[in-house]
Amino acid sequence: MFAQRAHRGIQCLVASITQYKENLDLEMSQLRLISYLSSRTTQEPKKGYCLIFYERWSHLPLRIRKGMEEFNSERLGRLTGMLKQRGIILPAFEIHGGAAGLYDFGPVGGRLRNKVIQSWIEHWQSLGNIVEISCPTITPYSVLEASGHVGEFSDYLVECSNCGEASRADHLVEHIRPNADALSKSELSKLISEHNPKCQSCDSPDWGEITAQNLMFNTKIGAGSSGREAFLRPETAQGMFTSFTSIYRHFRERLPFGAIQTGKGYRNEISPRQGMIRLREFNMAELEYFIDPEVEPEHDFSVWEDNLDFISEDEGEISLTIAEALARGIIRHPTVGYFIGLTRDFLCSIGIDPAKLRFRQHESNEMAHYAEDCWDAEILGSYGWIECVGIAHRGCYDLSAHEEYTNQRLRAWRTFKEPKIVEIDGWTVDGSKTGPAFRTLAGKVKVLVEGLSSDSIFPVTADIEGTEVQVLQEHVKRVQRTENVNGEWYTPHVIEPAFGIDRIIWHLLDHCYKEIEKSGEEYSLLSLPELVAPVDVTVLPLFEKDGMDELAQKIHRDLCGRRNVFSVYDGSGSIGRRYARADEIGVPWCITVDHESLETGTVTLRSRDTGEQTRISIDNLPF
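Residue 8 in numbering that gives the first Met the number 0 is what sits at position 9 of the sequence shown, and the numbering runs on without skipping anything.
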């Protein structure tokens, strides 16, 4: 286990060196050493190899090690500064001192976020059996109690004994133990006492007792003493589980099918950090895909012929096709493998560098309470390898939990190929008694009773739609008979890809942010794919005079009136400076109106990626 965790740290370090080595002025011998270290990251992780790595890494001059760190830090500062200046990502409530873990998407960033989300929706709906729903962000206590979030959705908190600053316990020791968030309370306590990490606020190494802190935001539905306890949702998933019956009917009671939902999630982080990586309010996009566990999925894996980088719990880092990983049992379910492939397709389509993408399997001690198998899509950026997508096999946990809590059937019907003879031994209701006793709830009481085991003892008390009912012996009668049965009710299993949209957008910006030299000056641009570029085209008059501005404004208004086209007009500053502003926010195309435009009805169309300029008729603009 030590070797695997150390190996992950090595991979991150080497990847960062490789990413920025052209900026470090390295000698040939140093380049050869880095290539050697990089090649060794594909080897089987062994403790001895990890020690050798650190010995070799130490041979690199301090200048180079510090240079890499400084370059990364300086680049990150320039990137975040540009994002703020250009209205992409801004600190929230900045004039009031800001609020940790909260960010604004500005005029440019808001459209980027919307295009990423819309691309995600269209990506999954293209499968043909996926529908979009929208559920409230305020969630009753009972829903999250049934799902396990009330008891399980926690992180370990520890407070500085000197200044009282709260920190996540695993954050204090993650430089000592990779994957520290999987450690137990006792393991964290031991590491903190052994290594005495310093408080980031006051440098004190003295810490209090570690406690578990539930991360959900409390609220109430209703006012005064009659208000129901509730939370702001920590995930969108539960609304899709509680709506299962409606979605099941929509699909004419045939599986498989899925429901997607995008929107806000809330997590009262103990110590938000790393900008957009760990937030208190965040954008989520989740798919719940319902399957029959007894039906073998039919997926075509031939479309993914290239090897993907996997980190398996049992085999460490490997490079395989998805089909090979399934055949070797590394990926444990075909639909999980299918969604890994579709996840990769989506991330790469919006601009994530495939060379900086890998899939890591959760270890047994970090698996979510509901998961049978789980893979994270991790993306390499300025903060190292960061989890951005979780693809989990949730089994039947959620539907079963909500069914048990509510006594409402959340199941699907499976028809047998041939009828079966079965012995029925159970209960049903005496309609003459339950009708008058339970009135409008009589039908739901019947469902409750017929779901009881044959050895149930009455009276039985249950909560139905917020009303406590008591079913007495006189309300029921025994059922014992032999029947030909054509099918059975079963609880579907669920495969869930869950996307952290903010994290993905951050890495998209990080990957697409380029710093080049142009005409002897530093020049930056965002090479965003047209699919998600926040602005489709910028219209620029060469000068705001002689009618060029009027024609440019007319073209701009015409483009804005077209479906799925967003145009910006910019007439301020030199034409070179305006091109630079457009490149910084990732605009793929610029249209320049000049004197010739007034005479010939043509404009100059400039490509961001190639810099090529083409003369084209206004009537033939490709938008």
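Even glycine gets a Cβ: it sits at the ideal position worked out from N, Cα and C.
Please classify residue i: is it buried, with 16 or more other beta-carbons within 10 angstroms of its beta-carbon, or exposed?
i: W412; result: exposed
i: C511; result: buried
i: N406; result: buried
i: L524; result: buried
i: E43; result: Legend: pLDDT at E43 = 46, less than 50; position of this residue unreliable, value from coordinates given subsequently. Exposed, since its Cβ has fewer than 16 Cβ neighbours within 10 Å.
i: D169; result: buried
i: K690; result: Given that the chain is displayed from residue 0 to residue 622, the structure contains no residue 690 and the question cannot be resolved.
i: S596; result: buried
i: E377; result: buried
i: P233; result: buried
i: G465; result: exposed
i: P196; result: buried
Look at residue i and residue j and say whether their C-beta atoms are less than 9 Å apart.
i: I423; j: Q479; result: yes
i: D372; j: C387; result: no
i: D582; j: R556; result: no
i: G560; j: L539; result: no
i: L171; j: L182; result: no
i: L286; j: A91; result: no
i: I494; j: I390; result: yes
i: N213; j: E365; result: no
i: E473; j: K432; result: yes
i: F243; j: L398; result: yes
i: C395; j: P255; result: no
i: I627; j: I554; result: Residue 627 cannot be examined here, being either before or after the span of the chain that is shown, 0 to 622.
i: R502; j: M275; result: yes
i: A689; j: Y568; result: Residue 689 lies beyond the residue range present for the chain, which begins at 0 and ends at 622; the question has no answer from this structure.
i: R343; j: W426; result: no
i: G100; j: L278; result: yes
i: M215; j: V149; result: yes
Alpha carbon to alpha carbon, what distance is there between residue j and residue i?
i: I504; j: D202; result: 33 Å
i: H585; j: T79; result: In the sequence as presented, His is not what sits at residue 585; that position holds Gly. G585 and T79: Cα-Cα distance of roughly 15 Å.
i: E611; j: E549; result: 25 Å
i: L231; j: F457; result: 38 Å
i: S224; j: A436; result: 30 Å
i: E417; j: G486; result: 9 Å
i: W488; j: R410; result: 6 Å
i: R393; j: A370; result: 4 Å
i: D462; j: P353; result: 51 Å
i: R614; j: G238; result: 53 Å
i: S200; j: P292; result: 51 Å
i: V446; j: C198; result: 57 Å
i: P296; j: G328; result: 16 Å
i: G633; j: V475; result: Outside the displayed range of the chain (0 to 622) lies residue 633, so it cannot be described from this structure.
i: E304; j: V335; result: 17 Å
i: N483; j: I420; result: 5 Å
i: Y522; j: D593; result: 25 Å
i: L126; j: S573; result: 47 Å
i: Q117; j: N563; result: 12 Å
i: T601; j: I88; result: 36 Å
i: E73; j: G147; result: 43 Å
Tell me, please, which residues DSSP counts as bridged to residue i.
i: A461; result: V468
i: K544; result: None, per the DSSP bridge assignment.
i: I220; result: R227
i: H492; result: I290
i: V592; result: P540
i: P90; result: Y102
i: A376; result: F358, V388
i: W505; result: Answer by DSSP bridge pairing: none, since W505 is not bridged.
i: M283; result: G262, G499
i: L307; result: L319
i: R167; result: L156
i: S655; result: Residue 655 is absent from the structure shown; the chain starts at 0 and stops at 622.
i: A411; result: Y489
i: S606; result: W588
i: N624; result: Since the first residue shown for the chain is 0 and the last is 622, residue 624 is missing from the structure and cannot be characterised.
Kindly say whether residue i, judged by its beta-carbon, lies nearer than 9 Å to any beta-carbon of chain B.
i: L447; result: Of the protein chains in this structure there is only one, and it is not chain B.
| message | Closer than 8 Å is the cut-off here; do at least three beta carbon pairs connect the segment 306 to 316 with the segment 357 to 372? | response | Judged by Cβ distances under 8 Å, the segment 306 to 316 makes contact with the segment 357 to 372, as three or more pairs qualify.
| message | Pairs of beta-carbons, one from the segment 279 to 287 and one from the segment 439 to 456, closer than 8 Å: are there three or more? | response | Under the three-pair Cβ rule at 8 Å, the segment 279 to 287 does not count as touching the segment 439 to 456.
| message | I want to know whether the segment 91 to 106 touches the segment 204 to 213 - three or more CB-CB distances under 8 Å. | response | Counting Cβ pairs under 8 Å, fewer than three are found: no touch.
| message | Would the segment 138 to 152 count as touching the segment 270 to 277 if we require 3 or more Cβ pairs under 8 Å? | response | No: fewer than three Cβ pairs fall under 8 Å.
| request: Assess, as a yes-or-no matter, whether the segment 162 to 170 is touched by the segment 246 to 265 under the definition of 3 or more beta carbon pairs within less than 8 Å. | output: no
| message | Does the contact criterion of 3 or more C-beta pairs under 8 Å hold for the segment 114 to 134 versus the segment 253 to 261? | response | yes
| said: Check whether the segment 397 to 405 and the segment 376 to 386 touch, using three or more Cβ-Cβ pairs below 8 Å as the test. | reply: Counting Cβ pairs under 8 Å, fewer than three are found: no touch.
| request: Report yes or no: do the segment 315 to 322 and the segment 288 to 305 share at least 3 C-beta pairs separated by less than 8 Å? | output: yes
| task | State whether the segment 526 to 535 contacts the segment 343 to 354, with contact taken as three or more CB pairs (one from each stretch) at a distance under 8 Å. | result | yes
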